[in-house]
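Number of protein chains: 2
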Amino acid sequence: MRGALTVSKMMIKNFLLPRGTADILPEEISRWHELEQKARIVCKNYGYREIRTPAFEETELFARSVGQTSDIVQKQLLSLASQKEGDGSNSPLSLRPEGTASIVRAYLQHNFIHAEPISKFYYLGPMFRGERPQKGRLRQFHQLGVELIGPAKQNEDLNLAFLDAEVIGLCVQLLRSFGVKGFKVKINTLGTPQDKQAFSSYLRKVLKEDLKSLAEEDQKRFSENIFRILDSKKKECQQIVKKIDFAKGNYLSDFSQKYFEKAKSALRDLRIDFEEVPYLVRGLDYYNHIVFEISHEALGSQDTLAAGGRYDTLVQQLGADPQTPFSALGFAIGIERVLLVADQPATPTAEVNVFVLAMDEKFLQPAFCLVNELRQAGISADVNYQLGSIKSQMRLANKRGAKQVVIFGEEEMKEHAVSVKDMEHGQQNKIVLNQVVDYLSKIFIKKG
Amino acid sequence: MRGALTVSKMMIKNFLLPRGTADILPEEISRWHELEQKARIVCKNYGYREIRTPAFEETELFARSVGQTSDIVQKQLLSLASQKEGDGSNSPLSLRPEGTASIVRAYLQHNFIHAEPISKFYYLGPMFRGERPQKGRLRQFHQLGVELIGPAKQNEDLNLAFLDAEVIGLCVQLLRSFGVKGFKVKINTLGTPQDKQAFSSYLRKVLKEDLKSLAEEDQKRFSENIFRILDSKKKECQQIVKKIDFAKGNYLSDFSQKYFEKAKSALRDLRIDFEEVPYLVRGLDYYNHIVFEISHEALGSQDTLAAGGRYDTLVQQLGADPQTPFSALGFAIGIERVLLVADQPATPTAEVNVFVLAMDEKFLQPAFCLVNELRQAGISADVNYQLGSIKSQMRLANKRGAKQVVIFGEEEMKEHAVSVKDMEHGQQNKIVLNQVVDYLSKIFIKKG
Numbered sequence: 002m003r004g005a006l007t008v009s010k011m012m013i014k015n016f017l018l019p020r021g022t023a024d025i026l027p028e029e030i031s032r033w034h035e036l037e038q039k040a041r042i043v044c045k046n047y048g049y050r051e052i053r054t055p056a057f058e059e060t061e062l063f064a065r066s067v068g069q070t071s072d073i074v075q076k077q078l079l080s081l082a083s084q085k086e087g088d089g090s091n092s093p094l095s096l097r098p099e100g101t102a103s104i105v106r107a108y109l110q111h112n113f114i115h116a117e118p119i120s121k122f123y124y125l126g127p128m129f130r131g132e133r134p135q136k137g138r139l140r141q142f143h144q145l146g147v148e149l150i151g152p153a154k155q156n157e158d159l160n161l162a163f164l165d166a167e168v169i170g171l172c173v174q175l176l177r178s179f180g181v182k183g184f185k186v187k188i189n190t191l192g193t194p195q196d197k198q199a200f201s202s203y204l205r206k207v208l209k210e211d212l213k214s215l216a217e218e219d220q221k222r223f224s225e226n227i228f229r230i231l232d233s234k235k236k237e238c239q240q241i242v243k244k245i246d247f248a249k250g251n252y253l254s255d256f257s258q259k260y261f262e263k264a265k266s267a268l269r270d271l272r273i274d275f276e277e278v279p280y281l282v283r284g285l286d287y288y289n290h291i292v293f294e295i296s297h298e299a300l301g302s303q304d305t306l307a308a309g310g311r312y313d314t315l316v317q318q319l320g321a322d323p324q325t326p327f328s329a330l331g332f333a334i335g336i337e338r339v340l341l342v343a344d345q346p347a348t349p350t351a352e353v354n355v356f357v358l359a360m361d362e363k364f365l366q367p368a369f370c371l372v373n374e375l376r377q378a379g380i381s382a383d384v385n386y387q388l389g390s391i392k393s394q395m396r397l398a399n400k401r402g403a404k405q406v407v408i409f410g411e412e413e414m415k416e417h418a419v420s421v422k423d424m425e426h427g428q429q430n431k432i433v434l435n436q437v438v439d440y441l442s443k444i445f446i447k448k449g
Numbered sequence: 002m003r004g005a006l007t008v009s010k011m012m013i014k015n016f017l018l019p020r021g022t023a024d025i026l027p028e029e030i031s032r033w034h035e036l037e038q039k040a041r042i043v044c045k046n047y048g049y050r051e052i053r054t055p056a057f058e059e060t061e062l063f064a065r066s067v068g069q070t071s072d073i074v075q076k077q078l079l080s081l082a083s084q085k086e087g088d089g090s091n092s093p094l095s096l097r098p099e100g101t102a103s104i105v106r107a108y109l110q111h112n113f114i115h116a117e118p119i120s121k122f123y124y125l126g127p128m129f130r131g132e133r134p135q136k137g138r139l140r141q142f143h144q145l146g147v148e149l150i151g152p153a154k155q156n157e158d159l160n161l162a163f164l165d166a167e168v169i170g171l172c173v174q175l176l177r178s179f180g181v182k183g184f185k186v187k188i189n190t191l192g193t194p195q196d197k198q199a200f201s202s203y204l205r206k207v208l209k210e211d212l213k214s215l216a217e218e219d220q221k222r223f224s225e226n227i228f229r230i231l232d233s234k235k236k237e238c239q240q241i242v243k244k245i246d247f248a249k250g251n252y253l254s255d256f257s258q259k260y261f262e263k264a265k266s267a268l269r270d271l272r273i274d275f276e277e278v279p280y281l282v283r284g285l286d287y288y289n290h291i292v293f294e295i296s297h298e299a300l301g302s303q304d305t306l307a308a309g310g311r312y313d314t315l316v317q318q319l320g321a322d323p324q325t326p327f328s329a330l331g332f333a334i335g336i337e338r339v340l341l342v343a344d345q346p347a348t349p350t351a352e353v354n355v356f357v358l359a360m361d362e363k364f365l366q367p368a369f370c371l372v373n374e375l376r377q378a379g380i381s382a383d384v385n386y387q388l389g390s391i392k393s394q395m396r397l398a399n400k401r402g403a404k405q406v407v408i409f410g411e412e413e414m415k416e417h418a419v420s421v422k423d424m425e426h427g428q429q430n431k432i433v434l435n436q437v438v439d440y441l442s443k444i445f446i447k448k449g
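Chains as they are written, first to last, in the numbering used here: chain A, 2 to 449; chain B, 2 to 449.
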């Protein structure tokens, strides 16, 4: 037990949000509701269904998918402290830093492969990374993402490139529906896993000479996962990367080249402008073939709004039958970043349509009953139980955005009536108490 | 780096959900969407606005609110491992086990007291407790809750009892709107903090003799927080509790008695049946005056659907000006438990309204373009890029719930047309390709 001094010191403590997190307050919530509503409609139109996975998973799941050597796993996982009670399952757990790993885990655990030839999921929820917080970078942030997973009928199927274009098209459509303008779509291909290997060897060859001029962190990347050098935020590294002649590398197989061409042609069918960026690789281990990124200048240094790509081999890496080739791809959109650039102010909505004023304590009980009847009838209504002058209560009604105010006053109540005031036009009517719900229903409840 | 052997062993690992967590799969999601939609409408009608707080907070916030000696803080907190990097804010963090503490923290941090005389929040999201999982008890579960917080104009205000009745009424209204029937409302009063102290002394007196016949855990409760004995799940303890003559304790002040009577009278005005249960105290430290619990027999041993009460002093304990008396109360509903007893099967909805079949690879490109146009027009549509016989593709269309199927076949395409088949009535029409979107819009997009 704590001593008395400690307790009194604790008494004055003001608790604050944990670093890098945010509250979403009532005045901001309508922007979230609108975005979520639009996301649900657009995803449904594309044939995607929502899935929700837990906030935490086995740490190893993320190491196996995102990559043991990735910054996310090495530096940014927010892990749970191990549980005290010995409950038989003591695998280390971490808050999910992204959505793909959990959804592939769910796909396999619930045997979706036997239920449908292709599974189209979307998700919408909090993700967690122990990053140094900055603009557009929080420790708890929110992503909207889709994942499209199914067995591939054959190993090399050019027609699957339509899905890559569909997924990029869905991402663009979502951003447009959120009111985001002026974003840029960048795409690249990493080819098959074999091509990626050849790409890696080529990079190793051309970067070897410059190795010493790289920062220590980037030198470490050279040996651990050379693709991450292409993602480096260091200026000297970015300049070296810009000099690389990617075409000369010639690491893409015929099939990979055709696949990329087909995906680009399908994107043109969708009238989506894009830029080919040969050094775009994304910081996660699991991608192959098409990767893409959608960025927005207004975001500054953290300018990625959305990113994704194809990750066919991940499904097997997480436990699927190694004999079955898979087609799997998806993306995630950063919701906080969208809200930073979306051209869509919150639509102010009334907190309540009806506000009820009691001019004396003895009218609180009938006011309480009336408010209850209004709410049951589907009309948003509230009442102030702390009383006050008509002026101060009217101010309150205004503040809550009330369109009609019901006043329980001495004179009116003698006739079992109340005054109902239209706050927009100012006129005031005397209404018999047992007809108020009908009267207000006609105003607020749309017919049909 | 891991050795090759370890890697190949890892290859075959199947990842499963962490213990005590669940995925919400696409086939279950419509029940969640419906419940969330209803919750939003009902809460809005009562004048409540949504707030979202982070999944984790400072551990001390929960110790200060829920109670240092509570089971929740002592045994069930899921805490985060301390961060490696020294970032200046090394307060221990835990996943939130309930919603009230975070919302009071947000109320104070964002100065709602200066913005409005009373704040009405609702929240809807995951909560986390490291409990032994069982039916109706998960480590990640979901709660819908409301909190109603504002400064009280005077120290003892009988009219605030209307708010207690409103909050219980809202809880009942929500459960009804979710299709829950046959639930029981139990209420009690703990009185003012002074009364609660007298209640505690009385319990200490009457339980002293029986102390030795209690289980060790309940003996510990006797000294740490005697009210928790009334919550005990142990049979021998429950029998002792049943023998207590609560009325004889006479620990309620005049004001507290009047307050309880007024709240009950307002509940009767709302036509809510309730039972008075003098040993109902709830396992959290922060309650005073009215506490309530709504239970459902069908849930078995974990039968609480919803619970809440008044917690006026908590706001000061978490940092508000000690000179300002507060009125604060709320409740939380367990969503998983509601879904276990709600009389509301999921309404099956079509995954897509239109399914497009290409009978040859060369028709995939026009099919891709048509599907895109349909989606842009707001019609949910999908296409199978892996081809197949007409029979197998029709099966697929059926499985996805398609109401209309568009077929790109050799004969039709000679005339720049497709066949459109109504899956319910079976008739099939030939439609010129550039009129298909119009044709299907007339079927699926409601006018007005």
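Even for Gly, the Cβ is constructed at its ideal location relative to N, Cα and C.
Thinking just about the alpha-carbon of each residue, which of A40/B, A23/B, F57/B is nearest to the one in G21/A? Numbered from its first residue, the first sequence carries residue 21/A at position 20. Ranking A40/B, A23/B, F57/B by Cα distance to G21/A puts F57/B first.
Do we get a CB-CB distance below 9 Å when we pair P98/B with the residues of chain A? Residue mapping note: residue 98/B aligns to position 97 of the second sequence, counting from 1. Among the CB atoms of chain A, none fall inside 9 Å of the CB of P98/B.
Output, in sequence order along the chain, the residues in the region 55-85 of chain A whose CB is closer than 7 Å to any CB in chain B. The region 55-85 of chain A vs chain B, Cβ under 7 Å: P55, A56, F57, E58, E59, L62, R65, L79, S80, L81, A82, Q84.
Could you tell me whether the Cβ of G87/B comes closer than 9 Å to any Cβ of chain A? Position 86 of the second sequence, counted from the start, is the residue given in the question as residue 87/B. Because G87/B carries a pLDDT of 49, less than 50, the predicted location of this residue cannot be relied on, and the following value inherits that uncertainty. The Cβ of G87/B sits no closer than 9 Å to any Cβ of chain A.
C-alpha distance - L281/A paired with I291/A, whole-angstrom precision: Here residue 281/A corresponds to residue number 280 of the first sequence, with the count starting at 1. Here residue 291/A corresponds to residue number 290 of the first sequence, with the count starting at 1. Between L281/A and I291/A, the C-alpha separation is close to 10 Å.
Mapping the DSSP letters down to three states, classify G87/B as helix, strand or coil. Numbered from 1 along the second sequence, position 86 holds the residue referred to as residue 87/B. Residue confidence for G87/B is low, a pLDDT of 49 falling below 50, so the modelled location carries little weight; the figure read from the coordinates is stated next. DSSP places G87/B in coil when its eight states are reduced to three.
Could you confirm whether any beta carbon from chain B is found closer than 9 Å to the beta carbon of D196/A? Position 195 of the first sequence holds residue 196/A. Output row for D196/A: interface = no.
So, with DSSP's three-state summary, where would you put G151/A? As a first step, residue 151/A must be located in the first sequence, where it is residue number 150. Looking at G151/A - three-state DSSP - the assignment turns out to be strand.
Within the same chain, show all residues whose beta-carbon is closer than 6 Å to that of T54/A, passing over the 5 residues directly before and after it, in chain order. Within the first sequence, numbered from 1, the residue matching residue 54/A stands at position 53. S103, A107.
Using only alpha-carbon positions, find the residue among L371/A, Y386/A, G402/A that is nearest to L441/A. Taking the first residue of the first sequence as position 1, residue 441/A is located at position 440. The option with the nearest alpha carbon to L441/A is L371/A.
At the level of alpha carbons, what is the spacing between S83/A and S95/A? Here residue 83/A refers to the residue found at position 82 of the first sequence. Here residue 95/A refers to the residue found at position 94 of the first sequence. Note on geometry: alpha-carbon atoms of S83/A and S95/A lie some 10 Å from one another.
Can you name the residues that DSSP bridges to A321/A? Position 320 of the first sequence, counting from 1, holds the residue named residue 321/A. Per DSSP, A321/A has no beta-bridge partner at all.
Taking Cβ positions, are V168/A and I295/A nearer each other than 9 Å? To locate residue 168/A, count along the first sequence from 1; it is residue 167. To locate residue 295/A, count along the first sequence from 1; it is residue 294. In this structure, V168/A keeps its C-beta atom at 9 Å or more from the C-beta atom of I295/A.
With a CB to CB cut of under 7 Å and the five nearest residues on each side skipped, what residues in its chain are close to P134/A? For this step, residue 134/A is matched to residue 133 along the first sequence. Closer than 7 Å at Cβ, skipping near neighbours: R20, G21, R140.
With 9 Å as the threshold, decide whether the Cβ of Q258/A is near any Cβ in chain B. Stepping through the first sequence from its first residue, residue 258/A is reached at position 257. Not closer than 9 Å to any Cβ of chain B, the Cβ of Q258/A fails to qualify, so no.
Please list the residues of the region 338-360 of chain A that have a C-beta atom closer than 8 Å to any C-beta atom in chain B, keeping them in chain order. For the region 338-360 of chain A, the set of residues with a beta-carbon nearer than 8 Å to any beta-carbon of chain B comprises E352, V353, in chain order.
At what residue ranges does the region 164-233 of chain B contain a whole run of the beta strand (DSSP E), taking only runs of 3 or more? Fully enclosed beta strand (DSSP E) runs of 3 or longer: 185-190.
Closer than 9 Å, CB to CB, is K39/A near chain B or not? By one-based count along the first sequence, residue 39/A stands at place 38. With respect to chain B, the C-beta atom of K39/A has no partner C-beta closer than 9 Å.
Tell me the residue span of the alpha helix (DSSP H) that contains T60/A. Counting from one through the first sequence, the residue named residue 60/A turns up at place 59. Element bounds for T60/A: 60-66.
Pick helix, strand or coil for F129/B, following the three-state DSSP scheme. Translated into the one-based positions of the second sequence, residue 129/B becomes position 128. Three-state result, F129/B: strand.
Taking Cβ-Cβ distances below 7 Å as the criterion, which residues of the region 263-292 of chain A are in contact with chain B? Cβ proximity to chain B below 7 Å picks out A267, D270, L271 from the region 263-292 of chain A.
Return the first residue and the last residue of the beta strand (DSSP E) that H290/A is part of. For the purposes of this step, residue 290/A is identified with residue 289 of the first sequence, where counting begins at 1. In the DSSP annotation of this structure, the continuous segment of the beta strand (DSSP E) that includes H290/A starts and ends at 289-296.
Residues bridged to H143/B [DSSP beta-bridge criterion]: The residue you call residue 143/B lines up with position 142 of the second sequence. Looking at the DSSP output, H143/B sits in a beta bridge with P127/B.
Just the C-alpha distance for P367/A and R401/A, rounded to the nearest angstrom, thanks. In the first sequence, residue 367/A corresponds to position 366, counting from 1. In the first sequence, residue 401/A corresponds to position 400, counting from 1. Whole-angstrom Cα-Cα distance: 21 Å.
Relative to the C-alpha of Q144/A, which candidate in A40/A, Y47/A, L215/A has its C-alpha closest? Numbered from 1 along the first sequence, position 143 holds the residue referred to as residue 144/A. Taking only the C-alpha atoms, the option nearest Q144/A is A40/A.
Got a sec? Which residues, its chain only, sit under 6 Å from A359/A by beta carbon, not counting five neighbours each side? To locate residue 359/A, count along the first sequence from 1; it is residue 358. Here the set comprises L365, A368, F409.
Using a Cβ cut-off of 9 Å (strictly closer), state whether Q324/B contacts chain A. Here residue 324/B refers to the residue found at position 323 of the second sequence. At a cut-off of 9 Å between beta carbons, Q324/B makes no contact with chain A.
DSSP three-state call for N112/B: helix, strand or coil? Walking along the second sequence from the start, residue 112/B turns up at place 111. Correct three-state label for N112/B: coil.
Chain-ordered chain C contacts of A398/A [CB-CB under 9 Å]: Protein chains in the displayed structure are A and B, and chain C is not among them.
Between V384/A and chain B, is any beta-carbon pair separated by less than 9 Å? If you number the first sequence from 1, residue 384/A lands on position 383. Yes, contact with chain B.
How about M128/B and R177/B: are their beta carbons less than 9 Å apart? Residue 128/B sits at position 127 when you count from the first residue of the second sequence. Residue 177/B sits at position 176 when you count from the first residue of the second sequence. The answer is no: Cβ separation not under 9 Å.
Opening and closing residue of the beta strand (DSSP E) in which Q38/A lies: Walking along the first sequence from the start, residue 38/A turns up at place 37. Unbroken run through Q38/A is the alpha helix (DSSP H), 27-46; no beta strand (DSSP E).
Which residue spans inside the region 328-398 of chain B form an unbroken beta strand (DSSP E) run of at least 3? The DSSP assignment places 355-359, 382-384 as complete runs of the beta strand (DSSP E) inside the region 328-398 of chain B, in order along the chain (cut-off: 3 residues).
Relative to the C-alpha of P27/A, which residue among E412/A, Q387/A, E352/A is closest? Looking up residue 27/A in the first sequence gives position 26. Closest option to P27/A, judged by alpha-carbon separation, among E412/A, Q387/A, E352/A: E352/A.
Please decide whether Q405/A counts as near chain B, where near means a Cβ-Cβ distance under 9 Å. Here residue 405/A corresponds to residue number 404 of the first sequence, with the count starting at 1. Closer than 9 Å: no.
Quick test of the definition: if touching needs 3 or more C-beta pairs under 8 Å, does the region 425-433 of chain B touch the region 379-399 of chain B? Three or more beta-carbon pairs separated by less than 8 Å are not found between the region 425-433 of chain B and the region 379-399 of chain B, which leaves the two stretches without contact.
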